[in-house]
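Q: Submitted below is the structure of interest, expressed as structure tokens.
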Amino acid sequence: MATEQLQGKVEQLYDYVQERCLWQFFSRSWDRQENIDGVLNKAADMLVGREPKRETPTDKLHCADAKVMVMDFRERFPWIAQVSAQEVDELMEGLKGRLVDISITKSKNRELHDHLY
Amino acid sequence: MPMVLLNCDKDIPEREKHIYLKAPDEDTREFLPLSNAPTIPGTLSERGCAFCGAKLVIGGVLKDTIQMIHGPIGCAYDTWHTKRYPTDNGHFNMKYVWSTDMKENHIVFGGEKRLEKSIHEAFDEMPEIKRMIVYTTCPTALIGDDVKAVAKRVMAERPDVDIFTVECPGFSGVSQSKGHHVLNIGWINEKVGTLDAEITSPYTMNFIGDFNIQGDTQLLQTYWDRLGIQVISHFTGNGTYDDLRRMHQAQLNVVNCARSSGYIANELKKQYGIPRLDIDSWGFNYMAEGIRKICAFFGIEERGEQLIAEEYAKWKPQLDWYKERLKGTKMAIWTGGPRLWHWTKSVEDDLGVEVVAMSSKFGHEEDFEKVIARGREGTYYIDDGNELEFFEIIDLVKPDVIFTGPRVGELVKKLHIPYVNGHGYHNGPYMGFEGFVNLARDMYNAVHNPLKGLAGIDIRQPRSGAASNGKKEAA
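These protein sequence lines are chains S and H, in that order.
This note's numbering numbers the first residue of the first sequence as 422 and each following residue consecutively.
This note's numbering numbers the first residue of the second sequence as 652 and each following residue consecutively.
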């Protein structure tokens, strides 16, 4: 997938996640990182037809969040059905980067790195 | 668009950091209202105090617990009966109020003996009640009354009672948010894990951050019953003291109000490994999404789909009737914090309503990250708004309806703008599918009420016949 085309698609997914997904806004930076990595890894599995691991309670939670998100991706962005496994990985990595940037790295939330809840 | 300095704030320019107008291609990396910060001298804040956040919002909801307020009588009265959270046992929590009624001589000579006497008196008067929360207030905290020691003495004398103490006097934080925090952290550290529940289902969860406002909890409970999910603990709508001691046994924490109760969900994850799932319980689309996620966690997706289909069949036609008539309505949301982000997209998607201004009393920056991500461009996002700012914002965005509390509600009614109680609701519950139809009905009745126009007519000059927008014309 051409870089420009990839970025455009990442942007569509990013807009959806910003608007819909509360897991990106958890209280602390480590919670947000865990959720972004966890949900998007499960979503990548689902998008390429791999069965995601559901071994731990956190796995099950991320699968639940990813399942609803992937359902919406397929409904809102029909192009996602045509994307190859490698391109899914690129998309999810791009999306992770955008979400980490806004919700962790460049977040102005002053409580994000407090070591206590 | 940068942060906004309103005309009324020209003498307190610090307020500019608290008000944001969203413009295209901007996001929270550039602009985020400063929040959970001390109120600036010179503003007339709408905030409550830390004690209020613990007692009125969370503890006072419990249906089997004496709420002993160690302080002057006003601290008790002003946090009693101002929120409508019924219970299924005859509304015990709303019928009674308890106070040590501290007077000057108790402040001078110390209030511990009076507290101890009051605790015994309350238990003696209500022998069927065995649970109590004791709250300090500003004066009893300042004189250093040791409420934990008193509670310990009473529990030693009365082995069948259990007492939890909350030490967050009104001055201890910038708003009621501090009280939420203190109660959450105190409870997880002192009470969770001290009792075990009888497990009756393979699927167990805690429902956190829902306070049964006009029956929200009881409505949602019908869903969990139909899905076969055991709710170990409701934090704290229609909840009991002892159920909250059993929170450690749930497989999943489902969080609605992340502001008042996110702390305990975080700690339950950290201390007990129970994952936290945040959902929105207001709105058709959101409620369905929340049910889908909960059912996906437990692997009972088919039950969830059946429930959603049944609820849509029953309530969606009514919602659509209101949507047809509310489309394009301009709404302002001036509430505590989380309802801004819970509601802004749900009223837009489900009812076609445009949210044009939002103000939060005690939200943190996390809440503004959420609401700015979800909210519209051209909408004002305000932290700790004051009355003059509300007047100016009304002129700027001209809302058709404002969801806020009764105090601000009375203010905007004088401008002939209808308000709906965004805290305690007009005619709730508002959560769930049926609840959102109730919200839509209240909004419709507010916006289309013919009295709104009639009330604006100055009857001293009947010939003019025109609404004067509440302003008296010169005689």
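Positions of the beta carbon are idealized from the N, C-alpha and C atoms, including for glycine.
Just so we're clear, the structure is a prediction, and the values are computed from it rather than from any experiment.
S:R475 lies in the alpha helix (DSSP H); which residues open and close that run?
A: Along the first sequence, one-based indexing puts residue 475 of chain S at 54. Where S:R475 is concerned, there is no enclosing alpha helix (DSSP H), given that its DSSP letter is neither H nor E.
Q: Closer than 8 angstroms by beta-carbon distance: list the chain H residues that pair up with S:V489, in chain order.
A: Numbered from its first residue, the first sequence carries residue 489 of chain S at position 68. Listed along chain H, the residues sitting closer than 8 angstroms to S:V489 by beta-carbon distance are E940, R943, K944, A947.
Q: Roughly how many whole angstroms lie between the Cα atoms of H:T887 and H:D861?
A: Your numbering for residue 887 of chain H matches position 236 in the second sequence. Your numbering for residue 861 of chain H matches position 210 in the second sequence. Each residue's Cα considered, the two are about 6 angstroms apart.
Q: Three-state secondary structure (DSSP) at H:H732?
A: Reading the second sequence from its first residue, position 81 is the one you call residue 732 of chain H. Residue state, collapsed to three classes: coil.
Q: Does the beta carbon of H:P853 come closer than 8 angstroms to any beta carbon on chain A?
A: This model lacks chain A altogether, as its protein chains are S and H.
Q: Taking Cβ-Cβ distances shorter than 7 angstroms, what residues in chain H pair up with S:W627?
A: Not covered by the structure: residue 627 of chain S. The range shown for chain S is 422 to 538.
Q: Quick check on H:K860: does DSSP put it in helix, strand or coil?
A: For this step, residue 860 of chain H is matched to residue 209 along the second sequence. Checking the sequence, you will find Gly at residue 860 of chain H rather than Lys. In the three-state scheme derived from DSSP, where H, G and I count as helix and E and B as strand, H:G860 is classed as strand.
Q: I'd like to know if S:I523 contacts chain H, where contact means its C-beta is closer than 8 angstroms to some C-beta of that chain.
A: Locating residue 523 of chain S in the first sequence gives position 102, counting from the first residue. Yes, because at least one Cβ of chain H sits closer than 8 angstroms to the Cβ of S:I523.
Q: Counting only C-beta atoms, is H:R1025 closer than 8 angstroms to chain S at any point?
A: Counted from its first residue, the second sequence places residue 1025 of chain H at position 374. Judged by the 8 angstroms Cβ criterion, H:R1025 is in contact with chain S.
Q: Whose CA, out of H:I663, H:T690, H:H669, lies closest to the CA of H:F682?
A: On the second sequence, position 31 is the one that residue 682 of chain H refers to. Looking at the Cα atoms, H:H669 is the closest of the given residues.
Q: Would DSSP call H:D1093 helix, strand or coil?
A: Looking up residue 1093 of chain H in the second sequence gives position 442. Correct three-state label for H:D1093: helix.
Q: When Cβ atoms are compared, which residues of the stretch 677-696 of chain H fall closer than 7 angstroms to chain S?
A: D678, T679, R680, L683
Q: Report buried or exposed for H:R1111, applying the criterion of at least 16 other Cβ atoms within 10 angstroms of its Cβ.
A: Within the second sequence, the letter at position 460 stands for residue 1111 of chain H. It counts as exposed.
Q: Contact defined as beta carbons within less than 8 angstroms: I believe S:K463 pairs with S:A502. What is the distance between those atoms, to the nearest angstrom?
A: Locating residue 463 of chain S in the first sequence gives position 42, counting from the first residue. Locating residue 502 of chain S in the first sequence gives position 81, counting from the first residue. Contact between S:K463 and S:A502 does not hold, since the beta-carbon distance rounds to 18 angstroms and is not under 8 angstroms.
Q: By Cβ distance below 8 angstroms, which residues in the same chain neighbour H:E1020 in space, the five residues on each side in sequence not counted?
A: Here residue 1020 of chain H refers to the residue found at position 369 of the second sequence. The residues are T679, L683.
Q: Nearest to H:S750 by alpha carbon, out of H:E767, H:G722, H:P1069?
A: Residue numbering aside, residue 750 of chain H sits at position 99 when the second sequence is read from its first letter. Cα-wise, what sits closest to H:S750 is H:G722.
Q: Using 8 angstroms as the cut-off, can you tell me whether the stretch 465-476 of chain S makes contact with the stretch 925-932 of chain H, which would need three or more C-beta pairs spanning the two stretches below that distance?
A: no
Q: Mark S:R495 as exposed unless 16 or more other C-beta atoms lie within 10 angstroms of its C-beta, in which case mark it buried.
A: Looking up residue 495 of chain S in the first sequence gives position 74. Exposed, since its Cβ has fewer than 16 Cβ neighbours within 10 Å.
Q: Ends of the alpha helix (DSSP H) at H:M806?
A: Position 155 of the second sequence, counting from 1, holds the residue named residue 806 of chain H. Element bounds for H:M806: 798-808.
Q: Counting along the chain, where does the alpha helix (DSSP H) carrying H:N756 start and finish?
A: Stepping through the second sequence from its first residue, residue 756 of chain H is reached at position 105. Looking at the DSSP string, the run of the alpha helix (DSSP H) that includes H:N756 is 755-760.
Q: Could you tell me whether any Cβ in chain S is nearer than 8 angstroms to the Cβ of H:Q902?
A: Stepping through the second sequence from its first residue, residue 902 of chain H is reached at position 251. Yes, H:Q902 lies at the interface with chain S (some Cβ there is under 8 angstroms from its Cβ).
Q: Please return the same chain residues whose Cβ sits closer than 6 angstroms to the Cβ of H:S769, not counting the five positions on each side in sequence.
A: To locate residue 769 of chain H, count along the second sequence from 1; it is residue 118. Closer than 6 angstroms at the Cβ level, and outside the excluded window around H:S769, lie T751.
Q: Could you tell me the distance, in whole angstroms, from the CA atom of H:S828 to the CA atom of H:G725?
A: Residue 828 of chain H sits at position 177 when you count from the first residue of the second sequence. Residue 725 of chain H sits at position 74 when you count from the first residue of the second sequence. Between H:S828 and H:G725, the C-alpha separation is close to 20 angstroms.
Q: Whole angstroms are fine: how far does the CA of H:L870 sit from the CA of H:Y963?
A: Residue mapping note: residue 963 of chain H aligns to position 312 of the second sequence, counting from 1. Residue mapping note: residue 870 of chain H aligns to position 219 of the second sequence, counting from 1. Spanning the two alpha carbons is a distance of roughly 15 angstroms.
Q: Please name the residue in H:Q865, H:N744, H:M856 whose C-alpha comes closest to that of H:M898.
A: Sequence index remark: in the second sequence, residue 898 of chain H carries index 247 (1-based). Measuring from the Cα of H:M898, the nearest candidate turns out to be H:M856.
Q: Measuring only the C-alpha atoms, how far is H:R1092 from S:H483?
A: Counted from its first residue, the second sequence places residue 1092 of chain H at position 441. Counted from its first residue, the first sequence places residue 483 of chain S at position 62. Between H:R1092 and S:H483, the C-alpha separation is close to 36 angstroms.
Q: Can the beta-carbon of H:V805 be found closer than 8 angstroms to that of H:E767?
A: On the second sequence, residue 805 of chain H is found 154 positions in, with the first residue counted as 1. On the second sequence, residue 767 of chain H is found 116 positions in, with the first residue counted as 1. Closer than 8 angstroms, so yes.
Q: Tell me whether H:A1126 is buried or exposed, calling it buried when 16 or more other Cβ atoms sit within 10 Å of its Cβ.
A: Residue mapping note: residue 1126 of chain H aligns to position 475 of the second sequence, counting from 1. Unreliable placement is indicated for H:A1126, whose pLDDT of 33 sits below 50; the coordinate value is still reported in the next sentence. Exposed: under 16 other Cβ atoms inside 10 Å.
Q: For the stretch 1068-1079 of chain H, which residues have a beta carbon sitting closer than 9 angstroms to at least one beta carbon of chain S?
A: For the stretch 1068-1079 of chain H, the set of residues with a beta-carbon nearer than 9 angstroms to any beta-carbon of chain S is empty.
Q: Rounded to whole angstroms, what's the CA-CA distance from H:E755 to H:E1038? Just pull it up for me.
A: On the second sequence, residue 755 of chain H is found 104 positions in, with the first residue counted as 1. On the second sequence, residue 1038 of chain H is found 387 positions in, with the first residue counted as 1. Going from the Cα of H:E755 to the Cα of H:E1038 covers about 34 angstroms.
Q: Starting from H:M719, follow the alpha helix (DSSP H) in both directions and report where the run begins and ends.
A: Within the second sequence, residue 719 of chain H is the residue found at index 68, counting from 1. Here H:M719 belongs to no alpha helix (DSSP H); instead the beta strand (DSSP E) covers 716-721.
Q: My assumption, with CB atoms under 8 angstroms, is that H:N744 sits in contact with H:V712. Please give the rounded CB distance.
A: As a first step, residue 744 of chain H must be located in the second sequence, where it is residue number 93. As a first step, residue 712 of chain H must be located in the second sequence, where it is residue number 61. About 6 angstroms separates the two Cβ atoms, so the contact holds.
Q: Is the CB of H:N840 under 8 angstroms away from at least one CB in chain S?
A: To locate residue 840 of chain H, count along the second sequence from 1; it is residue 189. With 8 angstroms as the cut-off, H:N840 does not count as an interface residue toward chain S.
Q: Quick one: what does DSSP say H:A1126 is sitting in, helix, strand or coil?
A: What you label residue 1126 of chain H is simply residue 475 of the second sequence in a count that begins at 1. Model confidence at H:A1126 stands at a pLDDT of 33, short of 50, so the residue's coordinates are unreliable and nothing is read from them.
Q: Residues of the stretch 427-442 of chain S with a CB closer than 7 angstroms to any CB of chain H: list them in chain order, please.
A: Q439, E440
Q: Classify H:N1089: buried if its beta carbon has 16 or more other beta carbons within 10 angstroms, exposed otherwise.
A: Locating residue 1089 of chain H in the second sequence gives position 438, where the first residue counts as 1. Classification of H:N1089: buried, given that the 10 Å Cβ count is 16 or more.
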